[in-house]
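Novice: Sequential numbering from 11 applies to the sequence shown in our numbering. Cβ coordinates follow ideal geometry from the N, Cα and C atoms, glycine included. Take this structure first; my questions come after.
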Amino acid sequence: MDIPELMTKNFFYLKGDELFCSFFANSVYPWDLLACIGPFLMALGSQLPEERYVRTGKDVWIARSAKVAGFSTIKGPAIIGEETEVRPGAFIRGNVFVGDHCVIGNSTELKNAMLLGQVEAPHFNYIGDSILSFGAHLGAGVITSNLRSDRKNIKVRLGSAVMETGLRKFGAMIAENVEIGCNAVLSPGVLIGAGSMIYPLSFVRRSVPRNSIYKNQGEVTHRQLFE
C-alpha cells in the first residue's frame, strides 16, 4: 500500500537546496536513502573546499569553523558542517552527515544518519539509521529505536495504513522544525511530519502527520500554527 504523504517529495521541504534536492530525488520514500548515505558522503567529501574543510583520519571532513571537543569520537565516513558544535563524549560511528549550525551533545551517538542543518541533539540522544531535516530539536534522552526486538523487517504505520520497508534497521525520519520532548522514544520506522511536537516521555509507535501534537497516551491533535 502506498502512503502518498510519506513519499520523499511530500514529506521533506527542500526547495532551493540544490545539494539535498538532488540527493533526495533518488528516492520514492525517504527510507530508501539510508543505504545511500555512505556513498553520498564519499562523493561530497572529495569536493569540499580545503579552505573551509579539513580532512582528518579516515574519510572524516570537518569544517574549519566547527567546534569539536577533544573527548569526542568521529569515525568515517563523516562530514561535520560549518559552525557545528560536537561536544565532549559524542560518538559518531560512521556514515554520518552533520550539516551547518548543528549541536551534537554529551553522550549523543550517531550512526548511519543525516542531520541536514540547524539540528540539535544536545544531551544523551541516540540517532541511528535516521534522517533529521532542518530545525529539528531533540530533548534530552530522545531515542530513535532502529531495530525490532524480534529482528523482523520494519513496517511504517500511519493511521490504519501499513507499509513494508524491507529494512531490518531503520530509525526515524524527522521533517522540518519538529520538537521532540525529553526522554521520548520513537519506535523503528516512525516518521514525524514537519512542524509537529512530541510530548516528553512519549512512546511513539506510529508515524505522526505534519503540524500535529503527539501526547503521552498516543493522542494526536492538530497544532495551531501562528504567523
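Please report how far the alpha carbon of valine 108 lies from the alpha carbon of phenylalanine 81, in whole angstroms.
Specialist: 18 angstroms
Novice: Taking only three categories from DSSP, how would you classify serine 58?
Specialist: Going by the sequence as given, residue 58 is leucine instead of serine. The three-state secondary structure of leucine 58, taken from DSSP, is coil.
Novice: With C-beta atoms as the reference, is isoleucine 164 less than 8 angstroms away from proline 198?
Specialist: yes
Novice: Beta-carbon within less than 8 angstroms of arginine 215's beta-carbon, same chain only, minus the 5 sequence neighbours each way: which residues are those?
Specialist: Residues Arg167, Ser197, Val200, Gly228 of the same chain have their beta carbon placed closer than 8 angstroms to that of arginine 215, with the five preceding and five following residues left out of the count.
Novice: At 3 residues or longer, what runs of the beta strand (DSSP E) sit wholly inside the segment 132 to 166?
Specialist: Listed in chain order, the complete beta strand (DSSP E) runs (minimum 3 residues) inside the segment 132 to 166 are 136 to 142.
Novice: Give every residue of the same chain whose Cβ lies closer than 6 angstroms to the Cβ of leucine 142, excluding the five residues on either side of it in the sequence, and list them in chain order.
Specialist: Leu125, Val129, Ile184
Novice: Identify, in the order they occur along the chain, each residue of the same chain with its Cβ nearer than 6 angstroms to the Cβ of arginine 97, setting aside the five sequence neighbours on each side.
Specialist: Ala79, Gly115, Asn116
Novice: Can you tell me whether histidine 232 is buried or exposed, with buried defined as 16 or more other CB within 10 angstroms of its CB?
Specialist: exposed
Novice: Write down the C-beta distance between glycine 145 and glutamate 95 rounded to the nearest angstrom, noting that I regard them as a contact closer than 8 angstroms.
Specialist: That belief does not hold up - the Cβ atoms of glycine 145 and glutamate 95 are roughly 16 angstroms apart, past 8 angstroms.
Novice: Mark aspartate 160 as exposed unless 16 or more other C-beta atoms lie within 10 angstroms of its C-beta, in which case mark it buried.
Specialist: exposed
Novice: State the beta-bridge partners of aspartate 110 as determined by DSSP.
Specialist: DSSP, once it has assigned bridges, lists Gly127 as partnering aspartate 110.
Novice: On the three-state DSSP scale, how would you describe asparagine 105?
Specialist: coil
Novice: Which residue or residues does DSSP assign as beta-bridge partners of alanine 73?
Specialist: Tyr63
Novice: Is asparagine 20 helix, strand or coil by DSSP?
Specialist: helix
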